[in-house]
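To start, the structure itself, in structure tokens.
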Amino acid sequence: MMKTLLLLLSLVIGALGQNIFSCSYIATLNCEDFKPNPQCGTDGKTYHNMCVFGKDQCSGLDVHIQHTGECHPSSTQPPSGVTTGPISVAGSEAVLDFFCLELFHIDCPATVDRICGSNGRTYLNFCEYEKARCTHRDLHVLHYGPCAV
């Protein structure tokens, strides 16, 4: 029952373009531990680093990366909360990129909770599946349990 609920939730979240696993991980981070790396959002706000941007994006703010570096004050900047103008990197992609960089530095637990991916490969657990998804963005969960041989 719980696995079915998790699968359904991951499909719904995936369809919405947001990854609950990456957002739940980012929510635990202390963004002050990350070096400054200013990012200008499409809302005209300068984000101190990708961690801060990720937290705002995961909280439901529809914002994207306009460009790397600080935003420059301009009379053409959109009002707060408005996301207009050309987008350099979509917000959900930027969050996933940040999450993947962090995930590659983590050793996945040896917990066995097999997942069958859409590529026909069986992953030991959700962490290993997420690592694979970082390099194959179209990968999704077919079902929990091993893939058919």
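Quick note: to get the working numbering, add 951 to the position in the sequence shown (first position is 1). No residue lacks a Cβ here, since even glycine has one placed at the ideal position from N, Cα and C.
query, result
"Given a threshold of 16 other Cβ atoms within 10 Å of its Cβ, counted over all protein chains shown, does Leu1047 qualify as buried or as exposed?", "buried"
"Go to Gly992, then tell me how far its beta strand (DSSP E) extends in each direction, as first and last residue.", "990-992"
"Exposed or buried, which one is Thr1019 when buried takes at least 16 other CB atoms within 10 Å?", "exposed"
"Indicate the three-state DSSP secondary structure (helix, strand or coil) for Thr1086 in the structure shown.", "helix"
"Look up Cys982 in the DSSP assignment and say whether it is helix, strand or coil.", "helix"
"Along the alpha helix (DSSP H) that carries Cys1022, what are the first and last residues, could you check?", "Note, Cys1022: premise wrong, no alpha helix (DSSP H); not H, not E."
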